[in-house]
Amino acid sequence: MTDSPYSLLFEPVDLGPKVARNRFYAAPHCSGFGVDFPREQAALRGTKAEGGWAVVNTEYCSVSPECDSSPKHSARLWDDDDVRRLSLMCDAVHAFDSLAGVELWYGALYPNRESRVVGKGPSASRLFGSYVTEQSCSTMTKTEIRSVQTAFVAATQRAVSAGFDIINVYGNPVVSVTQQFLSPVFNRRTDEYGGSIENRARFWLECLELVREAAGDTCSITARLLLEPDSDGIGLNEETAAFITFADHLVDFWDLASGIDEAESGSSRFFKENWQLPELSAARKLTHKPIVGVGRFTDPSTMVKLVQSGVVEMIGAARPSIADPFLPAKIAEGRTGEIRECIGCNICLARFRQGVRIHCTQNPTIGEEFRRGWHPERVQPIKETAASDVLIVGAGPAGLECARILAERGVKRVHLVDQEAIVGGQLAWVGRLPGLSEWNRVVDYRTNQLKKLRNVEIRLQERLTSEDILEYGADAVVVATGSRWSKDGLSSVTQAPISGFASFQGSVLTPELVMQSSEVLTGMTAVVYDCDGYFVGPGVAEVLRRRGCEVVFVTPHPTAAPFTSYTHEVVGYNRRMNELGVRSIYNASIVEAHPGGFSVESVFGAETQMVDADVIALVTQRLPNDETFHELASDEDALAAAEIRGLYRIGDCVAPRLIADAIFDGHRLAREIDSTNPATPRMFIREQVGSAPYPDATPFAELDA
Ligand code: SF4
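Just add 65 to the spot in the sequence shown (first one is 1) and you have our numbering.
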């Protein structure tokens, strides 16, 4: 390692009672496992330790039954059963000489749907902007303050028993009581816990003192502080700066991140790698303790520069460690070209917010380590009885991933054929939408890997008909022909094309056609009709606006890109539409086409208006390109005569979905192509609550107090 330009990243870091074996810190992030799926939790975190992360953290970990996030699954340290469950994770992390960290959390403004207890906060508050009326909390009495602090102490003692090495007292200005006390927005108290910064910091400082005392010298203590900039955007605001000064003697190191909501897990659409540098640099001036900083780091050169600059001692990463749990190992082994870089799409975050287990666009194995036994870097050799020539028709995300895994498994010959001049399928143009260039990493990673595999042949600009496929000579065929956007306005709103669509005399574009053209549209008006609700509609609107036309954005949704409320981008997308001067008509659908425009009706049925248009861009619905598959599937005799033993379909040609799901589909088939029935996914291990804790309980009998 000493000759490597990245050797600095592999120096140990002194974290007080514990020493991290290198500078890679897998930051706390949600998994959807919590304590409810302890083996999946352990396998996920243990895999990161195996991949070289010196510190591996849990997600937010509730300290008390007064704080739950049901139906989402958080970690918890409420009792000894939770200790047993999380000890599996600690063991898995320790097996690779890494340190296990736990992020202790009391939410206050969480709705506590499992316990049905009202959360307690610094002052009675309701979460701003929330339409969930129960996201409110009561004002803590001083007795309740002691009670919550005692819960942190008890959770610390349990964390020590579970085997954790690092106790992180989590702050967040919105969802964590510690930083809510610090915040003048949520803290309106007039006693010694409110008013001055010193008073507002008191609750968190006392927690840190108590946690430190409870842990003794067995664990390193840190606080995750979400930094907020000052009004000039140069330094930190008064309370976050002051807190670093006040608490510096109580922590062994700082776990710092930007605290503005959309910037905390900034997407690549709006935030580029290392965007938190200004806040981290400001924090550096206030402490000599080691700092962990995040910034979606995937480039080892950026990491080295950041450490050399003295701003941070450890490279924190949540998403890069999800996309590639082996990122540190690849840097250490000089395999930087093999890093599967996070694309900053935030689907991992979206899936958690939707209440399901972790997903990732780049890494289909994340969360599948235990239940499917998938390792991110290892695959089973293909069985000798399996197909030797596999033809994959379509080199989009699903086809590329399927080819990669089949080839890595040792299939004799993998033939990847596409009708286009370049690989990538829809990503060939999606990556050119404004701000989405990092999404090209999906294709870049897979093509780089495929180049190293001698058993893969990629053939482009070849359009294979069903007959061609039958005559190809493959003994297994995988159809991965993707999807296309509807050209007649078929949408989920009406389940039908736009009425009278043929009468429209202007230009009809789909997103693909918009991106194929560079035509200047000055003086024209384009309607973007977006029923999709994700990134494509606003992206197309921006492209058209930049070509000089007026844009009218019509959507049945109440906002642009509503799905991106899950990905932390909805503010960014809507702000951008306003900056561009796009005229938006929300809660509306196109009900009829006319030669010069469209009738647009409120989805509430109240009013109809006429919108003139020279161009319409239809972002309404995608349709599977499944004709070839069905032609082949309908003629079993022809398949038998061609000695094709297996015919499969993957990705969007099954049903148009997220890129993450298309990649998963291709990966899954390649892992299971030599199973008994490859077309049907193998059953995965279902991790269930295995015990019956109250075998003698009588129904409806209330438990003793
Ligand atoms: Fe990165 Fe997207 Fe994977 Fe999340 S889902 S880790 S943002 S690639």
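Glycine included, every Cβ here is placed at the ideal spot set by N, Cα and C. The structure presented is a predicted model; accordingly, all values stated were derived computationally and were not measured.
For residue 367, which option in 348, 391 and 337 has the closest C-alpha, if you only look at C-alpha atoms?
Sequence index remark: in the sequence shown, residue 367 carries index 302 (1-based). The shortest C-alpha separation from residue 367 is found at 337.
Any chance the CB of residue 387 is under 8 Å from a heavy atom of the ligand SF4?
As a first step, residue 387 is located in the sequence shown; it is residue number 322 there, counting from the start. Yes, since a heavy atom of the ligand SF4 falls inside the 8 Å radius drawn around the Cβ of residue 387.
Spatial neighbours of residue 750 within its chain, please: C-beta separation below 6 Å, excluding the five flanking residues on both sides.
By one-based count along the sequence shown, residue 750 stands at place 685. For residue 750, where only same-chain residues beyond five positions count, the Cβ hits under 6 Å are 436.
On a Cα-Cα basis, can you pick out the residue from 454, 489 and 462 that is closest to residue 472?
As a first step, residue 472 must be located in the sequence shown, where it is residue number 407. Per the Cα distances, 454.
Can you list, in chain order, the residues of its chain with a C-beta nearer than 6 Å to that of residue 130? Leave out the 5 residues immediately preceding and following it.
Working through the sequence shown from its first residue, we reach residue 130 at position 65. Same-chain partners within the cutoff: 143 and 180.
Assigned exposure category for residue 757 - 16 Cβ within 10 Å defines buried
The residue labelled residue 757 in the question sits at position 692 within the sequence shown. The predicted position of residue 757 is uncertain, since its pLDDT is 46 and thus under 50; no value can be drawn from it.
Just curious, the alpha helix (DSSP H) that residue 480 is in, first and last residue?
For this step, residue 480 is matched to residue 415 along the sequence shown. Residue 480 -> not in any alpha helix (DSSP H); beta strand (DSSP E) instead, spanning 478-482.
Counting along the chain, where does the beta strand (DSSP E) carrying residue 203 start and finish?
Against the sequence shown, residue 203 aligns to sequence position 138. Start and end: 201-204.
Straight-line CA distance for residue 770 to residue 406?
By one-based count along the sequence shown, residue 770 stands at place 705. By one-based count along the sequence shown, residue 406 stands at place 341. Low local confidence applies: a pLDDT of 46 at residue 770 is under 50, so the model's placement there is unreliable, with the coordinate-based value given in what follows. Their backbone Cα atoms lie some 52 Å apart in a straight line.
Starting from residue 726, follow the alpha helix (DSSP H) in both directions and report where the run begins and ends.
By 1-based counting over the sequence shown, the position of residue 726 is 661. 724-737 is the extent of the alpha helix (DSSP H) around residue 726.
In terms of alpha-carbon separation, which member of 745, 613 and 124 lies closest to residue 712?
Counted from its first residue, the sequence shown places residue 712 at position 647. The residue with the shortest Cα to Cα distance from residue 712 is 745.
Report all residues from its chain with a CB closer than 7 Å to the CB of residue 527; omit the five preceding and five following residues, and keep chain order.
Walking along the sequence shown from the start, residue 527 turns up at place 462. Correct list, in chain order: 482 and 484.
Taking residue 360 and residue 373 to be in contact with their CB atoms under 8 Å, please state how far apart those CB atoms are, rounded to whole angstroms.
Along the sequence shown, one-based indexing puts residue 360 at 295. Along the sequence shown, one-based indexing puts residue 373 at 308. Not really, about 15 Å apart at Cβ, beyond 8 Å.
Close Cβ partners of residue 357 (< 6 Å) along its chain, the five nearest in sequence each way excluded
Sequence index remark: in the sequence shown, residue 357 carries index 292 (1-based). Hits under 6 Å: 90, 320, 379 and 381.
Can you give me the C-alpha to C-alpha distance between residue 105 and residue 434, rounded to a whole angstrom?
Mapped onto the sequence shown, residue 105 falls at position 40. Mapped onto the sequence shown, residue 434 falls at position 369. Their backbone Cα atoms lie some 7 Å apart in a straight line.
Which word fits residue 168, buried or exposed, when buried means at least 16 other C-beta atoms lie within 10 angstroms of its C-beta?
The residue given as residue 168 occupies position 103 in the sequence shown. Residue 168 should be labelled buried.
Beta carbon of residue 233 nearer than 9 Å to that of residue 288
On the sequence shown, position 168 is the one that residue 233 refers to. On the sequence shown, position 223 is the one that residue 288 refers to. Cβ distance < 9 Å, so residue 233 and residue 288 count as in contact.
Buried or exposed, going by whether 16 or more other CB atoms sit within 10 Å of the CB of residue 417?
Along the sequence shown, one-based indexing puts residue 417 at 352. Burial call: buried.
DSSP has residue 285 in a bridge; who is on the other side?
Reading the sequence shown from its first residue, position 220 is the one you call residue 285. Bridge partners of residue 285: 231.
Can you give, in chain order, each stretch of the alpha helix (DSSP H) that sits fully within the stretch 261-317 and has at least 4 residues?
262-280 and 303-312
DSSP on residue 590, reduced to helix/strand/coil?
By 1-based counting over the sequence shown, the position of residue 590 is 525. Reduced to three states, the DSSP call for residue 590 is strand.
With DSSP as the reference, label residue 365 as helix, strand or coil.
Here residue 365 refers to the residue found at position 300 of the sequence shown. Here residue 365 sits in helix by DSSP.
In the DSSP assignment, find the unbroken alpha helix (DSSP H) run with residue 636 in it and report its ends.
One-based indexing of the sequence shown puts residue 636 at position 571. Run containing residue 636: 635-644, per the alpha helix (DSSP H) assignment.
Go ahead and pull the three-state DSSP assignment for residue 757.
Your numbering for residue 757 matches position 692 in the sequence shown. Reliability of the predicted coordinates at residue 757 is poor, the pLDDT of 46 falling under 50, and the value obtained from them is presented with this limitation in mind. In the structure shown, residue 757 sits in coil (DSSP, three-state: anything other than H, G, I, E or B).
In the DSSP assignment, find the alpha helix (DSSP H) that holds residue 463 and state where it starts and stops.
Residue numbering aside, residue 463 sits at position 398 when the sequence shown is read from its first letter. Residue 463 -> alpha helix (DSSP H) spans 462-474.
State buried or exposed for residue 72, treating a residue as buried only when at least 16 other CB atoms are found within 10 Å of its CB.
The residue labelled residue 72 in the question sits at position 7 within the sequence shown. The residue is exposed, with fewer than 16 neighbouring Cβ atoms inside 10 Å.
Residue 424 versus residue 633: straight-line alpha-carbon distance, rounded
Translated into positions along the sequence shown, residue 424 becomes position 359. Translated into positions along the sequence shown, residue 633 becomes position 568. Cα-Cα distance, rounded: 16 Å.
Let me make sure I understand the geometry here. Which of 541, 605 and 86 has the alpha-carbon closest to that of residue 76?
Walking along the sequence shown from the start, residue 76 turns up at place 11. That would be 86, whose Cα lies nearest to the Cα of residue 76.
Using the Cα positions of residue 477 and residue 732, report the straight-line distance between them to the nearest angstrom.
Here residue 477 refers to the residue found at position 412 of the sequence shown. Here residue 732 refers to the residue found at position 667 of the sequence shown. Distance between the alpha carbons of residue 477 and residue 732: 18 Å.
DSSP state of residue 555, grouped into three classes?
As a working note, residue 555 is residue 490 in the sequence shown. Of the three classes helix, strand and coil, the one that applies to residue 555 here is coil, per DSSP.
Mind checking who residue 698 pairs with in its DSSP beta bridge?
As a working note, residue 698 is residue 633 in the sequence shown. Answer is none; residue 698 lacks a bridge partner.
Which same chain residues, not among the five before or five after residue 668, have their C-beta less than 8 Å away from its C-beta?
Here residue 668 refers to the residue found at position 603 when the sequence shown is read from its first residue. The answer, listed in chain order, is 558, 621, 652, 653 and 654.
Return helix, strand or coil for residue 770, following the three-state DSSP convention.
The count along the sequence shown starts at 1 and reaches residue 770 at position 705. Note that residue 770 scores a pLDDT of 46, beneath 50, so its modelled location is shaky; the value from the coordinates is reported in the next line. Note: residue 770 maps to coil in three-state DSSP.
Reduced DSSP secondary structure (H/G/I, E/B, other) of residue 629:
The residue labelled residue 629 in the question sits at position 564 within the sequence shown. Of the three classes helix, strand and coil, the one that applies to residue 629 here is helix, per DSSP.
Measure the alpha-carbon distance for residue 70 versus residue 376 and round it to whole angstroms.
Taking the first residue of the sequence shown as position 1, residue 70 is located at position 5. Taking the first residue of the sequence shown as position 1, residue 376 is located at position 311. When rounded, the distance between both Cα atoms is 19 Å.
Taking only three categories from DSSP, how would you classify residue 398?
Start at 1 with the first residue of the sequence shown, and residue 398 comes out as number 333. Here residue 398 sits in coil by DSSP.
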